[in-house]
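Shown next, in structure tokens, is the structure this report addresses.
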Amino acid sequence: MPRISVLDMPDVPNGQLPPHIQLQKTRVFCEKNAPTHTDYVQHHGSYTSMDVHESLIENFHNNFKVNVIRLTSDVIEFDMIGIDASLANAFRRILISELPTMAIEKVYFVNNTSVIPDEVLSHRLGLIPLDADPRLFEYISDESSSSSNERNTIVFKLNVFCKDNDKRISVKSNQLKWLPKGSQLNSETDGGGNEYTSFRCSQDSPEFSHKPIGLKHDDIIIAKLGPGQAIELEAHAVKGIGKTHAKWSPVSTAWYRMLPEIVLMKEIENEMAEKLVKKCPVNVFDIEDLGAGRKKAVVSNPRACTLCRECIRDEGWEERVSLRRVKNHFIFTIESTGSLPPEVLFTEAVKILEEKCEAVIHELSF
Amino acid sequence: MEEGLRENSRSFTFSLVNEDHTLANAVRFTLNQNPMVELCAYSIPHPSDNIVNIAIQSTDKSAKAVFNDGLQDLRSMCQIVRDSFDKSVNDFRAELQESSESKN
């Protein structure tokens, strides 16, 4: 990287950063021992002495870009270009811990003679992803369980047993049966009249949902039953967020990485080029024929780079290959657990950050 | 949600209850981009407290007004992100449909 000495810089600032500082500002350098220039220049006035006044906010509307790379029913991969890590990270954090979903929170056991203790079985039930749109439900208030109604609770029933002389059986998630009309259990203490939920109407009416509520996967093994064992229970699912418990997290993972950028500092030809292509385990480099038996190495697939640094490990290669990351280009991946499609999860996450801002703006107005 | 010592002062520390790095780091970023801001930083005094402190020093506006501007900036950035994301997803879907139609 050519460095410009202070003495060689123009006497009058011309509103441009010297190329090496511009590079340090926009790229992370992944060197042999450690990455360098990993910091972000935060303050707007950092380069005032060079007459550079850049504000990400002013031109954000024009500079910000999103490219969708891959979109399936439960995974989205997209590029966010022209944004700061603080915002990308805010979206990631919200996706993991602040977007609500529905998950089983209370389990009422009628009978459990299986080898799995009640509390372990309840925990397993809690982790099962439900196929229910959390936007149709409200949070349950803390006051009492009697406030469970069709707007905040989903009820499932599990009633399985293994006959005396049968083989052992597996209890799978598809044996949980949805009860759209609410709990069927009666409280013993109150003389049998008091139910655990008070649904005013059935949840399978069209105003609730266009599709019946169920489980995302039918083949999750919940328990195993030996001959003569039985489980009878009712599971109540409520709305919650991942901050409270990971079972409410709507994503299995949400992560981002900065776009890799690989620059060949010198022409790499012939055997050296072939050596370089062989060094890379993910085939970032390719060979270009120059004619007359000459070959040249080129960077054909920088996106695949995992930054293993294998290509710069040997003596002398660090000067030939420069591994960098683009600081304002994020490759964002969201894997949904199934309550909402991944693209909806992201827009909901952005909405939550907006709501946070609005809440504080509202507080400030007093 | 917020508290401080003097109203209308140029330097002020806001304590936000029930917030964390998610909002504080994002709003610190937008505030630092604002030419009115001399200094802006945040800290979480103790990990088990539900509080984040955001300190702001401004050049001439009151810190409260600057904080408000920073939040408005963040909100409008979010709206831009949401709009361009939705547009890209729709474009991607349309493209996918087009290519599958041309195959048939």
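Those sequence lines, one after another, are chains D and P.
Just so you know, we're using this note's numbering here: the first sequence kicks off at 159 and counts up by one.
Just so you know, we're using this note's numbering here: the second sequence kicks off at 9 and counts up by one.
Yeah, the Cβ is synthetic: ideal placement off N, Cα and C, and Gly gets one too.
Proximity of the region 96-112 of chain P to the region 215-229 of chain D meets the contact definition, three or more beta-carbon pairs being nearer than 8 Å.
For residue 88 of chain P, the enclosing alpha helix (DSSP H) starts and ends at 71-111.
Below the 7 Å Cβ cutoff, chain D contributes no neighbours of residue 20 of chain P, its closest Cβ being approximately 11 Å away. Interface flag for residue 188 of chain D against chain P is unset, since no Cβ pair is found closer than 8 Å. Burial is judged here by how many other beta carbons sit within 10 angstroms of a residue's own beta carbon; residue 203 of chain D has fewer than 16 and is exposed. A contact between stretches requires three or more CB pairs, one per stretch, nearer than 8 Å, and the region 210-225 of chain D fails this requirement with the region 466-479 of chain D.
By the Cβ rule, the region 180-197 of chain D does not count as touching the region 214-224 of chain D, because fewer than three pairs are nearer than 8 Å. Burial state of residue 362 of chain D is exposed, judged by a 10 Å Cβ sphere holding fewer than 16 other Cβ atoms. Chain-order list of chain D residues neighbouring residue 43 of chain P: 202, by C-beta distance under 7 Å.
If you draw a straight line from the Cα of residue 421 of chain D to the Cα of residue 439 of chain D, it is about 17 Å long. Rounded to whole angstroms, the Cβ separation of residue 285 of chain D and residue 433 of chain D is 49 Å, and the two are not in contact under 8 Å. A Cβ-Cβ separation of about 29 Å leaves residue 231 of chain D out of contact with residue 460 of chain D under the 8 Å criterion. Counting along the chain, residue 20 of chain P sits inside the beta strand (DSSP E) bounded by residues 19-25. Taken in chain order, the complete alpha helix (DSSP H) segments of 4 residues or longer contained in the region 273-335 of chain D are 276-284. Counting C-beta pairs closer than 8 Å gives fewer than three between the region 283-298 of chain D and the region 19-27 of chain P, which falls short of the contact rule.
Close CB contacts of residue 94 of chain P within its chain, under the 6 Å cut and outside five residues either way in sequence, are absent.
Against residue 323 of chain D, chain P offers no close residue; the least beta-carbon distance is about 54 Å (beta-carbon pairs closer than 8 Å). Among the residues facing chain P, residue 516 of chain D is included, as its CB has a counterpart in that chain under 8 Å away. Secondary structure of residue 468 of chain D (DSSP, three-state): helix.
Taking 3 residues as the minimum length, the beta strand (DSSP E) runs contained wholly in the region 412-466 of chain D are 443-449, 452-457, in order along the chain. Between residue 496 of chain D and the set D:214, D:233, D:186, D:218, the nearest pair of CA atoms involves D:233.
Around the beta-carbon of residue 258 of chain D, 16 or more other beta-carbon atoms lie within 10 Å, marking it buried.
Under a criterion of Cβ atoms nearer than 9 Å, no residue of chain P is adjacent to residue 307 of chain D; the nearest Cβ is some 26 Å distant. Counting only runs of at least 4 residues, the region 161-230 of chain D fully encloses the following alpha helix (DSSP H) elements, listed from N- to C-terminal order: 177-184, 218-221.
Where residue 500 of chain D is concerned, the enclosing alpha helix (DSSP H) starts and stops at 500-522. In the DSSP assignment, the residues bridged to residue 261 of chain D are D:396.
With a threshold of 16 other beta carbon atoms within 10 Å, residue 436 of chain D falls short and is exposed. Taking one beta carbon from each stretch, the region 74-86 of chain P and the region 509-518 of chain D have 3 or more pairs nearer than 8 Å; the two touch. Annotation for residue 481 of chain D: the continuous beta strand (DSSP E) segment containing it runs 479-494. Taking a C-beta distance under 8 Å as the contact criterion, residue 329 of chain D and residue 373 of chain D do not qualify as a contact pair. In summary, residue 253 of chain D is buried, with 16 or more beta-carbon neighbours lying within 10 Å of its beta-carbon over all protein chains present. DSSP, read as helix, strand or coil, puts residue 378 of chain D in coil. In this chain, residue 254 of chain D is not harboured by any beta strand (DSSP E); it is covered by the alpha helix (DSSP H) spanning 243-255. Excluding five sequence positions before and after residue 40 of chain P, the CB atoms of its chain that fall closer than 6 Å to its own CB belong to 48, given in chain order.
With 16 or more other Cβ atoms inside 10 Å of its own Cβ, residue 185 of chain D counts as buried.
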